[in-house]
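Here's the structure, in structure tokens; my notes come after.
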Amino acid sequence: MSKSRSSKKKSNLKHLYILIFVLAALGAGYYYIEKLEKESPQGYIPAPLTGEAGGPQYTLLENTDSIKYQVIVIYNKDVSINDVARDFYNNDALWPYIYLENKEVISNPLDIKKDVVLRIPRLSSKSQSIDDTKCIERAKQLADSILSKPVSNEVY
12 MSKSRSSKKK
22 SNLKHLYILI
32 FVLAALGAGY
42 YYIEKLEKES
52 PQGYIPAPLT
62 GEAGGPQYTL
72 LENTDSIKYQ
82 VIVIYNKDVS
92 INDVARDFYN
102 NDALWPYIYL
112 ENKEVISNPL
122 DIKKDVVLRI
132 PRLSSKSQSI
142 DDTKCIERAK
152 QLADSILSKP
162 VSNEVY
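According to this note's numbering, the sequence shown holds residues 12 to 167 in order.
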């Protein structure tokens, strides 16, 4: 009986050592991740993408909802919504999707002021297909419906 009791103790001791090792590894990993988060500025990606002129064109912000949004950006100069659509969808006809997601911060789609935070929605590959004429037609119909709505602050 003493052998079985001794082997149980050794087995339990072995499990205890394994548990302590796993907890130490998890603690070290947690410490490392926390240290990295404190070193990087909150909300910004360190290297902004550059435009044609070589200077920063826009800055990517932290995307907390990567399922819904492709990116969240701040442009460093005034741009049109067509330029934004061309930058992220490679097609300026898809601008209505960006407008609908950001209409509360876009007063004029042809002149989006610098430093405005834009959320670029993630489109399905079917909605973003340049070769699909139905996709482009849908975007154009959406654009027509947006452009045909009267602006509420106009004086008649």
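Every residue, glycine too, gets a C-beta built ideally from N, C-alpha and C.
- Following the DSSP letters along the chain, one finds Val82 inside the beta strand (DSSP E) bounded by residues Tyr80 to Tyr86.
- Between Ala96 and Asp89, the C-beta gap is not smaller than 7 Å, which leaves the two residues out of contact.
- Secondary structure note for Leu105: it is in no beta strand (DSSP E), with a DSSP letter that is neither H nor E.
- For Val128, DSSP records a beta bridge to Ile85.
- When Cβ pairs closer than 8 Å are counted between the two stretches, the region 107-115 is seen to touch the region 128-142, the count reaching three or more.
- Our two residues, Lys151 and Glu73, have alpha carbons roughly 31 Å apart in a direct line.
- Annotated three-state conformation of Ile117 is coil, per DSSP.
- For Arg149, the uninterrupted alpha helix (DSSP H) segment begins and ends at Thr144 to Ser159.
- Of the other Cβ atoms in all chains shown, 16 or more fall within 10 Å of the Cβ of Val84; this residue is therefore buried.
- CA-to-CA, the gap between Ile92 and Lys125 works out to about 12 Å.
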